[in-house]
Amino acid sequence: MSALLFTCAVLAALAGCACLALSQERHWKAVTGTAPHARRPLRIAGWALLTASLACCILCERASFAALLWPLLVMLAALATAAVLTWRPGLLHPLARLVAPKAS
Amino acid sequence: MDRSSAPLTPAPLSLRQSMTVLHTWAGVAVSAILFAMFWMGTLSVFDREIDRWMIPQTRLEASDAPVSFDGHALPAFRAAAPDASMWYWQPPRERQPFGTLGWNDPVQGWQTRHLDPATGTLLPPPESLAGTGFIFPFHFSFHATWMDIGYWIAGFAAMAMLVLIVSGLIIHRKLFAEFFVFRPQKHARRSTLDLHNMTSLVALPFHVILPLSGLYIFFGIYLPWSAAVPFGGDAEAMDAAVYGSFNRPALSSPAPAQASIDAMIADAEARWSARHGIAARADVVMVQHPGDAAGFVTVRRVFPSRQVTMDADVITYDLASGAVLKDWSAGPVRRAHGWLSGLHFIQFDHWPLRWLYFLAGLSGCAMIATGLLFWLRAREGRHTPGSARFRTMEALTIGGVTGIIAATGAFLVANRLLPEGAALWGESRAGLEVWAFWLVWLATFLHAAVRRAAAWAEQCAAIALLAMAAVLLNAATTGDHVLAAATRGQWAVAGMDLMLLAAAGVAGWAMLRLRPARVAEAPLPDPALAPAE
Amino acid sequence: MSHTLPRILLAVFGGYACAAVGVAAVGAAVPGSGEAMLLAVLLAFPLWVALVIWVFAARDVRRVAAVMAGVCAVSALAIFALPAGAGAG
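As structure tokens, then:
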């Protein structure tokens, strides 16, 4: 199993969940304190990153393992994102600024 | 409202309301059982590692020494089990650095011994059931084997789990809106519900597929008559068609010769490798009626190391001549069943997945525990707080959650405290460890009945103390503290100690959060009626 | 809820009956092979879950009971009519 592809799968899942979270009004407000911005691009980016994560899983594993690995990676990413949003929302600030530089 | 003006028939419930009733009833009925299954199931992810920790003699270094059936297992069987009607052999593999011999002794019943590949000799009998012998079977049968009642309870709980998930989704409706929401700073009931929703949603595929695949694994127990219908009601024929088994009675006359079993294993592996295009290993060898003219050898490929699908290849050989009696490989539907079963057993070699399963299992435990907690707080408002009914529900909840965890800690501590060869009132050392588990679990229910809400924090404290005691006792009795174990390459032992320390930390943190004062009197959010905040 | 108990009984025992007889009927239709029977098993459990949801969601539980009775009756007929099933009965 390729360690690099696996790492990419993990990172893409994390980034995807972060984008999807930021696309929601309550979480955007919690991170930046401003009105929500760029919701659709964030949502598209989020789903695209999760799909990229799935692609990495399929590339570095047999299909039958990828089918198990990807949903669990998304679980891990979602839990990590929720934890960050609960206790350290500022960590997502750079991502918010990347998407909407003028807003924050 | 007086009786004369009350409606004759109650207003019909909306879908959400009826699902709330279903979710509550099913949850009340099975949540404690489900928590036990999820807890033991999550631990079973690392059952072989728990074996290493609890049975120090098996902390062997991985050996490349070749282990052959004819060279190692056969002499051992002939010496230890000459009268057995069945010999069972598992060669060493990644998470099991020794071979396993099993046989049914006519007097003493099923016996298990381990073979050290480096020396080629048998280890002393294991004196503990440990992970694979206690924790794993508890997960699917609660060790209640009379009339398979434990299996039926597990099956009922699994069906209830699926119903709980579907009804929960209908109640919650918005899958996405609260996906990442956890507000611990709010009052306890809101944050409990947040956590319950989140742990259900983030691992939703896991929570659906694991109970379902568990039902598939035991379909022969749940639908025995139906499964045998295509075979005219012949259960053995069903077994032969679905699991590739073979059977013939002994002839009670000695075998004229005995073919090389290593050659049979090699032949099976060659056939499977050619058939599937992947290097295949045999991992279970059974010799039935050894020494008899009608003896036969079944070579199985139960848990491939790089495939999910399990138990899809079986070849049976004649013991005397080595001729192939039956060469069975699973058809497409059976392979699908094998894939679903394999994703439940997770015996393949994939450490990242193993850890993710562990995390998913823990999220399931959190889901069930928070569901129970939320329901308990809801009942607290509706019953008089001192009522016997509420106190019973409270005691069952506390004992069912922190109680079983504490009992597991006691199981581990007893394992380190009991001396070798310990026996009491007819119970072996392994049996005494199990007694420790059941007695402590019972005690936690009684403790919860007496101490009520304070029992949560007190049992968390007990869990933390037991976990730390286990780590200290492991170091004291075996010398394999974390650094020593890691240096020796005993990652299972080091990992177990680290997990115990982490568990102690979490239990300590939980003890602080579960103090009764934290349960505020804020209004209870009714998930069925109020929109999400 | 006064009408919860009949629903629970219907969901648990009625559902089990439908699953058991349904799988048996498929098995009787394709004798000698475990594949069809296994496919029925794989479908039976999710369908049973759907049935349980329906039992509790439906306004009139008698309609659900009638459907389940029908499934059982048709399946039972199939089992005793088909040659493989006759041996199992």
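Respectively, the protein sequence lines represent chains Z, X and W.
Counting the first sequence from 1 gives a position; my numbering is that position plus 326.
Counting the second sequence from 1 gives a position; my numbering is that position plus 927.
Counting the third sequence from 1 gives a position; my numbering is that position plus 848.
Glycine included, each C-beta is placed from N, C-alpha and C at the ideal position.
Cβ neighbours of residue i in the same chain (closer than 6 Å, five flanking residues each side left out)
i       : result
R1022/X : R975
Y1149/X : G1082
A1421/X : V1409, A1412, A1413
G933/W  : In this prediction, G933/W has a pLDDT of 47, which is less than 50 and means its spatial position is unreliable; what the coordinates show is noted afterwards. Closer than 6 Å at the Cβ level, and outside the excluded window around G933/W, lie A876, I927.
A1322/X : F1372, A1375, A1376
Y1015/X : G1029, M1213
V1446/X : Because the pLDDT at V1446/X is just 48, under 50, the model does not fix this residue reliably, and the value given afterwards should be weighed accordingly. These residues qualify, in order along the chain: A1115.
Residue from the options whose Cα sits closest to the Cα of residue i
i       : options                            : result
Q1185/X : I977/X, L1001/X, T1236/X, H1041/X  : L1001/X
I1092/X : L1351/X, S958/X, F1109/X           : S958/X
A1057/X : R1356/X, G1082/X, R1379/X          : R1356/X
G342/Z  : A329/Z, K355/Z, G372/Z, S349/Z     : G372/Z
R352/Z  : A1247/X, R1110/X, F1061/X, I1192/X : R1110/X
V1211/X : N1124/X, F996/X, G1313/X, Q944/X   : F996/X
V1034/X : T1046/X, S1012/X, S1314/X          : S1012/X
A344/Z  : R423/Z, A404/Z, G359/Z             : A404/Z
W966/X  : P1183/X, L1393/X, A1287/X          : A1287/X
A1003/X : Q1017/X, M981/X, T969/X, L1042/X   : L1042/X
D1407/X : I960/X, Q984/X, P939/X, S945/X     : Q984/X
Q1112/X : L368/Z, V425/Z, W413/Z             : W413/Z
With 16 other Cβ atoms within 10 Å as the buried cut-off, status of residue i
i       : result
I1205/X : exposed
E1163/X : exposed
S1180/X : exposed
E1354/X : exposed
S1290/X : buried
E1360/X : buried
P1231/X : buried
S941/X  : exposed
I927/X  : Given a span of 928 to 1460 for chain X in the structure shown, any question on residue 927/X remains unanswerable.
E883/W  : buried
A1403/X : exposed
A1130/X : buried
I1076/X : exposed
V922/W  : exposed
Where residue i meets chain W, residues with beta-carbon distance less than 9 Å
i       : result
M1074/X : In chain order: nothing, as chain W lies at least about 17 Å away.
V1093/X : V897, A898, V900, I901
Closer than 7 Å at the beta carbon, the chain Z residues around residue i
i       : result
W1266/X : S390
H1277/X : F391
A1322/X : What A1322/X touches in chain Z: nothing, since even the nearest Cβ is about 31 Å away.
Residue i: contacting residues in chain Z (beta-carbon distance under 9 Å)
i      : result
F965/X : By Cβ distance, chain Z contributes nothing, its closest Cβ being about 15 Å from F965/X, past 9 Å.
Contacts around residue i, its chain only, beta-carbon distance under 7 Å, and the 5 residues preceding and following it disregarded
i       : result
V1169/X : R1261
S1140/X : L1267, S1268, L1270, H1271
A924/W  : V869
Y1143/X : H1264, L1267, S1268
L1456/X : With a pLDDT of 49 at L1456/X, under the threshold of 50, the predicted position of this residue should be treated as unreliable, though the coordinate-derived value follows. Hits under 7 Å: none found.
G1423/X : Correcting the residue identity first, residue 1423/X is Met in this sequence and not Gly. Once the five neighbours on either side are set aside, the close Cβ partners of M1423/X are E976, I977, W980.
Residues that residue i contacts on chain X, provided the C-beta gap is smaller than 8 Å
i      : result
T412/Z : F1109, R1110, P1111
A924/W : By Cβ distance, chain X contributes nothing, its closest Cβ being about 12 Å from A924/W, past 8 Å.
Nonlocal neighbours in the same chain, by C-beta distance under 8 Å from residue i, ignoring five residues either side
i       : result
C1387/X : T1329, A1434, G1435, A1437, M1438, L1441
W1365/X : A1334
S971/X  : G1058, I1062, F1063, H1066
F962/X  : C1292, I1295, A1296, L1299, G1327, V1328, I1331
L399/Z  : A335, V336, A339, S379, C383
M849/W  : Here M849/W scores only 46 on pLDDT, less than 50, and its place in the model is too uncertain to base an answer on.
Neighbour list for residue i in chain W, Cβ cutoff strictly below 7 Å
i       : result
L949/X  : F904
L1270/X : Here the premise fails: no neighbours, minimum Cβ distance about 14 Å.
Cutoff 9 Å: residue i Cβ touching any chain B Cβ
i      : result
C345/Z : The chain labelled as chain B is not found among the protein chains of the depicted structure, namely Z, X and W.
Cβ-Cβ separation, residue j to residue i (assumed contact under 8 Å), whole Å
i       : j       : result
V948/X  : F904/W  : 7 Å
H999/X  : G1026/X : 7 Å
A1087/X : A956/X  : 6 Å
V357/Z  : P415/Z  : 5 Å
V871/W  : V889/W  : 6 Å
A338/Z  : A392/Z  : Their Cβ separation, rounded to whole angstroms, is 13 Å, which puts A338/Z and A392/Z out of contact at 8 Å.
A1257/X : A1239/X : 4 Å
R1228/X : W1199/X : 6 Å
F1158/X : T1225/X : That pair is no contact at about 20 Å.
Chain X residues whose Cβ lies nearer than 7 Å to that of residue i
i      : result
H353/Z : F1107
T407/Z : F1107
G862/W : Simply none; closest approach about 13 Å.
A404/Z : F1106, F1107, V1129
Listed by chain order, chain Z residues near residue i by CB distance under 8 Å
i       : result
F1133/X : P397, L398, M401
L1280/X : F391, L394, L395, L398
Closer than 9 Å at the beta carbon, the chain X residues around residue i
i      : result
A917/W : Neighbours of A917/W on chain X: none; closest Cβ ~18 Å, over 9 Å.
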